[in-house]
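Student: Please find one structure pasted underneath; my questions will follow.
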Amino acid sequence: MNSLLLRNVKLTQPQVASMLQYQCRVDASTASSSSSSTSSVVQNNPVVLDNRKPAPQLDADRMRMHPRIGNREIVGYGLKGKPEYFDLVMFPCPSIRWEADTPAIAELRKKEKGDWKQLSVEDKKRLYRSSFRQTFEEFTAPTGIWKWAIGWTLLSIAGATLAYDGWRRICYRFDGPDSMKDAKLKKQLEYHIAARQGPMTGLASKWDYETGTWKK
(Lines of atoms letter the chains of each structure in order from A; the text may use other names.)
(Lines give C-alpha, C1' and ligand atoms only; values in the text may rest on other atoms or scores of the structure.)
Protein backbone atom coordinates (compact mmCIF):
# COMPACT_ATOMS: atom_id res chain seq x y z
CA MET A 1 0.00 0.00 0.00
CA ASN A 2 2.84 2.37 0.89
CA SER A 3 4.72 1.63 -2.34
CA LEU A 4 1.53 2.22 -4.37
CA LEU A 5 0.91 5.51 -2.58
CA LEU A 6 4.52 6.61 -3.09
CA ARG A 7 4.39 5.69 -6.78
CA ASN A 8 1.24 7.80 -7.18
CA VAL A 9 2.88 10.70 -5.36
CA LYS A 10 5.98 10.48 -7.55
CA LEU A 11 3.83 10.68 -10.68
CA THR A 12 1.61 13.54 -9.53
CA GLN A 13 3.79 15.52 -7.09
CA PRO A 14 7.51 15.03 -7.88
CA GLN A 15 8.59 17.68 -5.36
CA VAL A 16 6.63 15.98 -2.57
CA ALA A 17 8.22 12.67 -3.52
CA SER A 18 11.68 14.23 -3.34
CA MET A 19 10.95 15.56 0.13
CA LEU A 20 9.71 12.10 1.18
CA GLN A 21 12.98 10.60 -0.02
CA TYR A 22 14.91 13.17 1.96
CA GLN A 23 12.89 12.49 5.11
CA CYS A 24 13.38 8.74 4.74
CA ARG A 25 17.14 9.21 4.52
CA VAL A 26 17.08 11.41 7.63
CA ASP A 27 15.07 8.82 9.57
CA ALA A 28 17.34 6.01 8.43
CA SER A 29 20.49 7.92 9.36
CA THR A 30 19.13 8.73 12.82
CA ALA A 31 18.10 5.13 13.43
CA SER A 32 21.47 3.75 12.32
CA SER A 33 23.43 6.12 14.57
CA SER A 34 21.36 5.31 17.67
CA SER A 35 21.44 1.54 17.16
CA SER A 36 24.22 -0.42 18.88
CA SER A 37 24.10 -3.18 16.32
CA THR A 38 26.76 -3.19 13.61
CA SER A 39 24.28 -4.09 10.93
CA SER A 40 22.44 -1.34 9.10
CA VAL A 41 18.81 -0.62 9.82
CA VAL A 42 16.56 -2.55 7.51
CA GLN A 43 13.99 -0.41 5.80
CA ASN A 44 11.03 -1.81 3.93
CA ASN A 45 10.49 1.43 2.07
CA PRO A 46 11.94 1.03 -1.46
CA VAL A 47 12.74 4.77 -1.59
CA VAL A 48 15.73 4.36 0.77
CA LEU A 49 18.62 3.12 -1.36
CA ASP A 50 21.40 3.25 1.24
CA ASN A 51 20.48 4.01 4.84
CA ARG A 52 24.12 4.13 5.92
CA LYS A 53 24.74 7.43 4.12
CA PRO A 54 24.36 10.61 6.18
CA ALA A 55 21.45 12.89 5.50
CA PRO A 56 22.14 15.46 2.74
CA GLN A 57 22.83 19.00 3.86
CA LEU A 58 20.85 20.46 0.95
CA ASP A 59 17.12 20.32 0.46
CA ALA A 60 15.66 18.12 -2.25
CA ASP A 61 15.24 20.80 -4.91
CA ARG A 62 18.72 22.24 -4.46
CA MET A 63 20.28 18.79 -4.36
CA ARG A 64 18.59 17.91 -7.66
CA MET A 65 19.19 21.22 -9.45
CA HIS A 66 22.50 22.29 -7.86
CA PRO A 67 24.65 21.79 -11.01
CA ARG A 68 22.36 24.21 -12.86
CA ILE A 69 21.56 26.90 -10.28
CA GLY A 70 24.78 26.89 -8.27
CA ASN A 71 24.43 28.70 -4.96
CA ARG A 72 21.41 30.78 -5.90
CA GLU A 73 18.57 30.89 -3.40
CA ILE A 74 15.24 29.22 -4.18
CA VAL A 75 12.56 31.75 -3.21
CA GLY A 76 9.31 30.38 -4.65
CA TYR A 77 7.42 27.85 -6.71
CA GLY A 78 8.26 29.47 -10.05
CA LEU A 79 6.65 29.13 -13.45
CA LYS A 80 6.64 25.32 -13.72
CA GLY A 81 7.53 24.24 -10.21
CA LYS A 82 11.25 24.01 -11.03
CA PRO A 83 14.08 26.24 -9.80
CA GLU A 84 14.60 28.14 -13.04
CA TYR A 85 14.96 31.83 -13.89
CA PHE A 86 12.82 33.62 -16.51
CA ASP A 87 12.29 37.29 -17.38
CA LEU A 88 8.63 37.22 -18.41
CA VAL A 89 5.91 39.88 -18.28
CA MET A 90 3.20 37.28 -17.69
CA PHE A 91 5.13 35.78 -14.76
CA PRO A 92 7.28 38.40 -13.00
CA CYS A 93 8.29 36.21 -10.02
CA PRO A 94 10.98 33.61 -10.87
CA SER A 95 11.60 30.77 -8.45
CA ILE A 96 15.30 31.56 -7.88
CA ARG A 97 17.38 34.69 -7.57
CA TRP A 98 19.50 35.86 -10.47
CA GLU A 99 22.78 36.01 -8.54
CA ALA A 100 24.30 33.78 -5.90
CA ASP A 101 24.48 35.19 -2.38
CA THR A 102 27.80 36.86 -1.65
CA PRO A 103 28.85 38.19 1.78
CA ALA A 104 27.99 41.73 0.65
CA ILE A 105 24.54 40.67 -0.56
CA ALA A 106 23.94 38.67 2.61
CA GLU A 107 24.67 41.79 4.65
CA LEU A 108 22.25 43.81 2.53
CA ARG A 109 19.58 41.17 3.00
CA LYS A 110 19.91 41.53 6.77
CA LYS A 111 19.45 45.28 6.41
CA GLU A 112 16.53 44.64 4.04
CA LYS A 113 14.58 42.98 6.85
CA GLY A 114 14.72 46.20 8.86
CA ASP A 115 13.72 49.77 8.09
CA TRP A 116 14.11 50.54 4.39
CA LYS A 117 14.85 54.16 5.26
CA GLN A 118 18.27 52.94 6.34
CA LEU A 119 18.96 51.67 2.82
CA SER A 120 20.41 53.99 0.22
CA VAL A 121 19.22 54.10 -3.38
CA GLU A 122 22.32 52.19 -4.45
CA ASP A 123 21.62 49.49 -1.87
CA LYS A 124 18.08 49.09 -3.19
CA LYS A 125 19.34 48.87 -6.76
CA ARG A 126 21.94 46.31 -5.72
CA LEU A 127 19.30 44.21 -3.99
CA TYR A 128 17.09 44.35 -7.07
CA ARG A 129 19.90 43.36 -9.42
CA SER A 130 20.83 40.44 -7.19
CA SER A 131 17.30 39.04 -7.51
CA PHE A 132 16.44 40.04 -11.10
CA ARG A 133 18.52 40.22 -14.25
CA GLN A 134 16.58 43.04 -15.93
CA THR A 135 13.89 45.57 -15.16
CA PHE A 136 10.53 45.54 -16.96
CA GLU A 137 11.65 48.47 -19.12
CA GLU A 138 14.80 46.62 -20.13
CA PHE A 139 13.40 43.24 -21.14
CA THR A 140 10.31 44.73 -22.84
CA ALA A 141 12.24 47.36 -24.82
CA PRO A 142 12.22 46.97 -28.65
CA THR A 143 15.23 45.03 -29.87
CA GLY A 144 15.24 46.42 -33.42
CA ILE A 145 15.46 42.93 -34.86
CA TRP A 146 12.99 43.94 -37.61
CA LYS A 147 15.70 46.18 -39.10
CA TRP A 148 18.08 43.25 -39.21
CA ALA A 149 15.41 41.07 -40.83
CA ILE A 150 14.52 43.68 -43.49
CA GLY A 151 18.18 44.35 -44.25
CA TRP A 152 19.02 40.70 -44.78
CA THR A 153 15.87 40.22 -46.84
CA LEU A 154 16.82 43.05 -49.20
CA LEU A 155 20.39 41.75 -49.47
CA SER A 156 19.05 38.29 -50.31
CA ILE A 157 16.77 39.69 -53.00
CA ALA A 158 19.62 41.74 -54.49
CA GLY A 159 21.93 38.71 -54.49
CA ALA A 160 19.29 36.52 -56.13
CA THR A 161 18.66 39.19 -58.81
CA LEU A 162 22.35 39.53 -59.61
CA ALA A 163 22.76 35.76 -59.75
CA TYR A 164 19.79 35.43 -62.11
CA ASP A 165 21.05 38.25 -64.34
CA GLY A 166 24.50 36.70 -64.60
CA TRP A 167 23.05 33.28 -65.30
CA ARG A 168 20.77 34.77 -67.98
CA ARG A 169 23.65 36.58 -69.67
CA ILE A 170 25.79 33.45 -69.74
CA CYS A 171 23.17 30.85 -70.68
CA TYR A 172 20.94 32.90 -73.01
CA ARG A 173 23.36 34.55 -75.43
CA PHE A 174 21.09 34.43 -78.53
CA ASP A 175 20.96 36.86 -81.44
CA GLY A 176 18.26 39.52 -81.29
CA PRO A 177 15.14 39.24 -83.47
CA ASP A 178 15.21 40.51 -87.06
CA SER A 179 12.72 43.25 -86.21
CA MET A 180 15.30 44.95 -83.96
CA LYS A 181 17.74 45.64 -86.80
CA ASP A 182 18.18 49.22 -88.06
CA ALA A 183 16.74 48.52 -91.54
CA LYS A 184 13.59 46.96 -90.11
CA LEU A 185 13.14 49.77 -87.57
CA LYS A 186 13.44 52.34 -90.36
CA LYS A 187 10.76 50.59 -92.39
CA GLN A 188 8.49 50.44 -89.32
CA LEU A 189 8.95 54.20 -88.83
CA GLU A 190 8.10 54.90 -92.47
CA TYR A 191 4.97 52.76 -92.18
CA HIS A 192 3.79 54.62 -89.04
CA ILE A 193 4.30 57.97 -90.77
CA ALA A 194 2.52 56.81 -93.93
CA ALA A 195 -0.39 55.49 -91.86
CA ARG A 196 -0.55 58.89 -90.08
CA GLN A 197 -0.47 57.39 -86.63
CA GLY A 198 -0.79 59.96 -83.84
CA PRO A 199 -1.91 63.01 -85.88
CA MET A 200 -2.62 65.17 -82.80
CA THR A 201 0.17 64.49 -80.33
CA GLY A 202 1.89 61.36 -81.66
CA LEU A 203 4.36 60.58 -84.42
CA ALA A 204 2.32 62.03 -87.35
CA SER A 205 1.99 65.42 -85.64
CA LYS A 206 5.78 65.83 -85.69
CA TRP A 207 6.17 64.99 -89.42
CA ASP A 208 5.78 67.61 -92.17
CA TYR A 209 4.01 65.79 -95.00
CA GLU A 210 4.49 68.70 -97.43
CA THR A 211 8.27 68.84 -97.20
CA GLY A 212 8.79 65.20 -96.17
CA THR A 213 10.93 66.15 -93.17
CA TRP A 214 10.54 66.38 -89.43
CA LYS A 215 9.03 69.58 -88.15
CA LYS A 216 11.44 72.01 -86.51
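Going left to right, the sequence shown walks through residues 1 to 216 as UniProt numbering numbers them.
We treat Cβ as the ideally placed atom computed from N, Cα and C, and that holds for glycine.
Source: prediction; values computed, not measured.
#1: Return helix, strand or coil for W214, following the three-state DSSP convention.
#2: Looking at C-alpha atoms only, which residue of D123, S130 and K117 is the closest neighbour of I74?
#3: From this set, A100, K82 and L79, which residue's C-alpha is nearest R72's C-alpha?
#4: In three-state DSSP terms, what is W152?
#5: Kindly indicate which three-state DSSP category W207 falls into: helix, strand or coil?
#6: Thinking just about the alpha-carbon of each residue, which of M90, S95 and G70 is nearest to the one in K80?
#7: Tell me which residue opens and which closes the alpha helix (DSSP H) that Q188 is part of.
#8: In this structure, what does DSSP give as the bridge partners for I105?
#9: Using only the heavy atoms of the ligand FMN, determine whether one of them is closer than 8 Å to the beta carbon of W167.
#10: Measure the Cβ-Cβ separation of Q118 and K111 and say whether it is below 9 Å.
#11: Pair every Cβ in the stretch 161-170 with every Cβ in the stretch 128-143, then say whether three or more of these pairs are closer than 8 Å.
#12: Residues in its own chain within less than 7 Å of D115 by CB, not counting five upstream and five downstream?
#13: Less than 7 Å between C-beta atoms, sequence neighbours within five positions excluded: which residues of the same chain meet that for L108?
#14: At what residues does the alpha helix (DSSP H) containing R126 begin and finish?
#15: Opposite I96 in the DSSP bridges: which residues?
#16: Grab me the residues of G202's own chain with a C-beta within less than 6 Å of its C-beta, minus the 5 sequence neighbours each way, in chain order.
#17: Here's the rule I'm using: 16 or more other beta-carbon atoms within 10 Å means buried, otherwise exposed. How should S132 be labelled?
Tutor: According to the structure data:
#1: strand
#2: S130
#3: Comparing Cα-Cα distances from R72 to each of A100, K82 and L79, the minimum goes to A100.
#4: helix
#5: strand
#6: Of M90, S95 and G70, the smallest CA-CA separation from K80 is found for S95.
#7: D182 to A194
#8: Per DSSP, none; premise fails for I105.
#9: As presented, the structure is devoid of all ligands, the ligand FMN included, so that no description of it is given.
#10: yes
#11: no
#12: none
#13: D123, R126 and L127
#14: V121 to S131
#15: I74
#16: none
#17: Sequence inspection shows Phe at residue 132; the Ser mentioned does not correspond to that position. When all chains shown are included, F132 counts as buried.
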